[in-house]
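Asker:
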Ligand code: AGP
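Residue numbers (the UniProt record's numbering): 244 to 615.
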């Protein structure tokens, strides 16, 4: 009903708007005054976490994209090798698992059959399983060794939005916690990131306040057939997520690519007027990547692409090549997906609406997929 939607036209719009709170709630009580993480719910003993020699993340769809981003954070802050695999592929390839493997199963619903079967397989091989889940008491956390709950609140729209942002937060917390337990060399950086994370809800709010031009842009693209998404580093999974949202909601052909792969094939797709969304890494962090992606934007624009550039405030280098520029607040590199994903959600939602689609209940899809 309209009341359940809290005055919004759809649950999806309501859930997009709830993201600052969802992010803040997921951090609540997990960072103490001294900036140390306390994750009592991670019932796996510190000794086991110290000895883990591999992290394997399993998930589907949007949760899989959160896992892809988590890999960058886990490997950087802990130096533990991390693999990310689609849950539906995992057990069928005879993965290498043992008592020193920490498996992280990410699921909003906690009922996704593919993810459940993957975690069962992992436990049979002696691995410890930690669930990152948004639904209290659901099957996946019940069958795991431990659970780190996301506090997004109920997510009703089929397309996942606020659950995704909180999955990212939970994965960052887990990565930072592993770093803390293992005493990695990134101590100072970890403290700085914890501080930035505590403020990130405000950054998400600021993005939401500036979305009107993104809506107008989305409406102007309603008759297009294809939209491409490019990113690098953690912006690459963000590009995949932007493309998934557009497929689910707008029923358009949408693909995400790692920008460095362009010249290995996808650049052949570029033609006059093709909308290409580019997620630009911060010029302050991985500045090499920033410069490379600016060249990519130039290249595709020279071939006729209509460039939609998502770039940090103060990044002037992109201005000459952006047909549409979407500004996001400056954040540490690894945290950028928390702000960069939001315009892509709004874009997909508005485009779907402009095409006359029902955004909360896209055709052919179910909120949780309880069959393999
Ligand atoms: C996201 O927009 C999707 N509807 C879908 O990809 C979803 O993320 C996936 O099915 C996993 O669901 P889960 O998080 O409940 O396990």
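Don't be surprised by glycine CBs; every beta carbon is placed ideally from N, CA and C.
Buried or exposed: where does residue 486 fall if 16 or more other Cβ atoms within 10 Å of its Cβ makes it buried?
Answerer: Reading the chain shown from its first residue, position 243 is the one you call residue 486. Flag for residue 486 reads buried.
Asker: Could you tell me whether any non-hydrogen atom of the ligand FMN is closer than 7 Å to the CB of residue 306?
Answerer: Here the bound small molecules are the ligand AGP; the ligand FMN is not part of this structure.
Asker: Out of 299, 609, 326, 581, state which residue places its alpha-carbon closest to the alpha-carbon of residue 477.
Answerer: As a first step, residue 477 must be located in the chain shown, where it is residue number 234. For residue 477, the nearest C-alpha among the options comes from 581.
Asker: Where does the unbroken alpha helix (DSSP H) through residue 350 begin, and where does it stop?
Answerer: Sequence index remark: in the chain shown, residue 350 carries index 107 (1-based). Counting along the chain, residue 350 falls outside any alpha helix (DSSP H), though it belongs to the beta strand (DSSP E) covering 344-350.
Asker: So is residue 435 buried or exposed if we call it buried at 16+ other beta carbons inside 10 Å?
Answerer: Start at 1 with the first residue of the chain shown, and residue 435 comes out as number 192. Counting Cβ neighbours within 10 Å, residue 435 comes out exposed, since fewer than 16 surround it.
Asker: When the Cα atoms are used, what is the spatial distance from residue 279 to residue 433?
Answerer: Position 36 of the chain shown, counted from the first residue, corresponds to residue 279. Position 190 of the chain shown, counted from the first residue, corresponds to residue 433. Whole-angstrom Cα-Cα distance: 9 Å.
Asker: Check whether the Cβ atoms of residue 548 and residue 519 lie closer than 8 Å to each other.
Answerer: As a working mapping, residue 548 is identified with position 305 in the chain shown. As a working mapping, residue 519 is identified with position 276 in the chain shown. Yes, the Cβ-Cβ distance between residue 548 and residue 519 is below 8 Å.
Asker: Quick check: what's the CA-CA separation for residue 356 versus residue 333?
Answerer: As a first step, residue 356 must be located in the chain shown, where it is residue number 113. As a first step, residue 333 must be located in the chain shown, where it is residue number 90. Their backbone Cα atoms lie some 12 Å apart in a straight line.
Asker: Can you pull the DSSP bridge partners for residue 535?
Answerer: For the purposes of this step, residue 535 is taken as residue 292 along the chain shown, with counting starting at 1. Residue 535 is not bridged to any residue.
Asker: At the level of alpha carbons, what is the spacing between residue 489 and residue 545?
Answerer: For the purposes of this step, residue 489 is taken as the residue at position 246 of the chain shown. For the purposes of this step, residue 545 is taken as the residue at position 302 of the chain shown. Each residue's alpha carbon lies about 25 Å from the other.
Asker: State the CB to CB distance for the pair residue 390 and residue 376, rounded to an integer number of angstroms; the pair is presumed to be in contact (CB under 8 Å).
Answerer: Translated into the one-based positions of the chain shown, residue 390 becomes position 147. Translated into the one-based positions of the chain shown, residue 376 becomes position 133. At roughly 6 Å, the Cβ-Cβ gap stays under 8 Å, so residue 390 and residue 376 are in contact.
Asker: For the stretch 438-451 against the stretch 259-279, are there 3 or more C-beta pairs whose distance is under 8 Å?
Answerer: Flag = yes, the stretch 438-451 and the stretch 259-279 touch.
Asker: Going by C-alpha to C-alpha distance, which of 345, 342, 339, 383 sits closest to residue 360?
Answerer: Translated into positions along the chain shown, residue 360 becomes position 117. Closest by alpha carbon: 383.
Asker: Does the stretch 458-473 come close enough to the stretch 489-500 that 3 or more CB-CB pairs lie under 8 Å?
Answerer: The stretch 489-500 vs the stretch 458-473: in contact.
Asker: Tell me the DSSP bridge mates of residue 392?
Answerer: In the chain shown, residue 392 corresponds to position 149, counting from 1. DSSP lists 376 as partners of residue 392.
Asker: Anyone know if the C-beta pair for residue 305 and residue 330 falls short of 8 Å?
Answerer: For the purposes of this step, residue 305 is taken as the residue at position 62 of the chain shown. For the purposes of this step, residue 330 is taken as the residue at position 87 of the chain shown. Result no, Cβ atoms of residue 305 and residue 330 do not sit closer than 8 Å.
Asker: Using a Cβ-Cβ cut-off of 8 Å (strictly less than) and excluding sequence neighbours within five positions of residue 613, which residues of its own chain qualify?
Answerer: Translated into positions along the chain shown, residue 613 becomes position 370. Cβ within range, chain order: 354, 355, 356.
Asker: Report yes if the C-beta distance between residue 569 and residue 561 is below 8 Å; otherwise report no.
Answerer: Within the chain shown, the letter at position 326 stands for residue 569. Within the chain shown, the letter at position 318 stands for residue 561. No; because the gap between Cβ atoms is not below 8 Å, this pair is not in contact.
Asker: For the alpha helix (DSSP H) containing residue 462, name the first residue and the last one.
Answerer: For this step, residue 462 is matched to residue 219 along the chain shown. Run containing residue 462: 455-463, per the alpha helix (DSSP H) assignment.
Asker: Among the candidates 451, 542, 456, 507, whose CA atom is the shortest distance from the CA of residue 515?
Answerer: On the chain shown, residue 515 is found 272 positions in, with the first residue counted as 1. Cα-wise, what sits closest to residue 515 is 542.
Asker: Helix, strand or coil for residue 517 per DSSP?
Answerer: Along the chain shown, one-based indexing puts residue 517 at 274. Correct three-state label for residue 517: coil.
Asker: Looking at the secondary structure, which residues open and close the alpha helix (DSSP H) in which residue 414 lies?
Answerer: Numbered from 1 along the chain shown, position 171 holds the residue referred to as residue 414. 405-425 is the span of the alpha helix (DSSP H), which, as asked, contains residue 414.
Asker: Just to check, is the beta-carbon of residue 210 closer than 7 Å to a non-hydrogen atom of the ligand AGP?
Answerer: Because the chain here runs from 244 to 615, residue 210 falls outside it and cannot be looked at.
Asker: If we ignore side chains and look at the alpha-carbon of each, how far apart do residue 403 and residue 369 end up?
Answerer: Within the chain shown, the letter at position 160 stands for residue 403. Within the chain shown, the letter at position 126 stands for residue 369. So the two alpha carbons sit approximately 31 Å from each other.
Asker: Tell me which same chain residues have a C-beta within less than 8 Å of the C-beta of residue 537, skipping the five on either side of it?
Answerer: As a working mapping, residue 537 is identified with position 294 in the chain shown. Hits under 8 Å: 523, 560, 561, 564.
Asker: Is it buried or exposed for residue 608, if we count other Cβ within 10 angstroms and need 16 for buried?
Answerer: Mapped onto the chain shown, residue 608 falls at position 365. With fewer than 16 other Cβ atoms within 10 Å, it is exposed.
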